[in-house]
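Sequential numbering of the sequence shown, starting at 321, is according to this note's numbering.
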Amino acid sequence: MTDVTEENETYEETPTERPNTFENIEEEGDIAADYLEELLDIADIDGDIDIEVRNQRTYLAVLNDEDNNEELRQLVGRNGQVLEALQELVRLSVLAASGNRSRLILDVAGYRAERREQLADAARQAVEEVRESGEDYHMNPLGAYERKIVHDIVAEQGLYSESEGEGPSRHVVISLPEV
């Protein structure tokens with residue numbers, strides 16, 4: 321933001337959001353990939369960066385040829401905490417370079433893909449339990465991206481879900497649809 325003065329009036333100039341065009345999303349991916357490459361170089365970690373655009377969102381994946389690369393897995397951390405922080409840093413780098421907030425998703429060593437499968441299985445099991453018992457099912461707390469995955473799976477199964485709680489306690493509640 322820049323303070324601009326015109327004829328004794330001062331106002332703040334705020335960056336304007338650019339439309340979410342394919343070119344802007346592609347540029348976001350390039351900025352994020354450059355930032356990640358620098359981080360990998362500094363940490364002396366081998367990794368290839370794959371950029372994909374789906375549903376007007378940039379998806380970045382950091383992979384390498386080794387099946388179980390512990391160095392790359394360190395960028396995931398316990399329960400994906402390091403990955404979440406790294407994703408936020410990459411989003412901030414895009415904001416600093418382009419002036420646009422990013423909704424990019426970062427995956428390292430296939431963690432998010434594996435986690436998606438785990439969440440899908442847990443959501444399907446919860447759906448079955450709700451169908452059998454008729455009682456609401458409260459899942460463990462999840463981040464926003466993971467809650468979205470669960471909501472989508474529950475909807476595909478024809479049940480209802482909503483998020484409850486605040487902050488780190490926010491979780492998905494699955495229930496039968498109201499008749």
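For glycine and all other residues, C-beta sits at the position ideal for the given N, C-alpha and C. Small disclaimer: the values here were computed from a predicted structure and weren't measured.
L380 has its alpha-carbon roughly 6 Å from the corresponding atom of I425. For R444, DSSP assigns no beta-bridge partner whatsoever.
Between N399 and L462, the alpha-carbon positions lie close to 11 Å from each other.
With respect to E357, I365 sits apart: the two C-beta atoms are not nearer than 8 Å. The alpha-carbon of E449 is positioned some 29 Å away from that of G430.
When DSSP states are grouped into helix, strand and coil, V428 belongs to the strand group. Of the candidates E391, H491, H458 and N344, E391 places its Cα closest to the Cα of A363. In the DSSP assignment, E386 falls outside any alpha helix (DSSP H) and carries neither an H nor an E. The Cβ atoms of I494 and D456 lie closer than 8 Å to each other. Residue state for E484 is assigned as strand, using DSSP reduced to three classes. L412 and Y355 have their C-alpha atoms spaced approximately 10 Å apart. DSSP places D472 in the uninterrupted alpha helix (DSSP H) bounded by A464 to E476.
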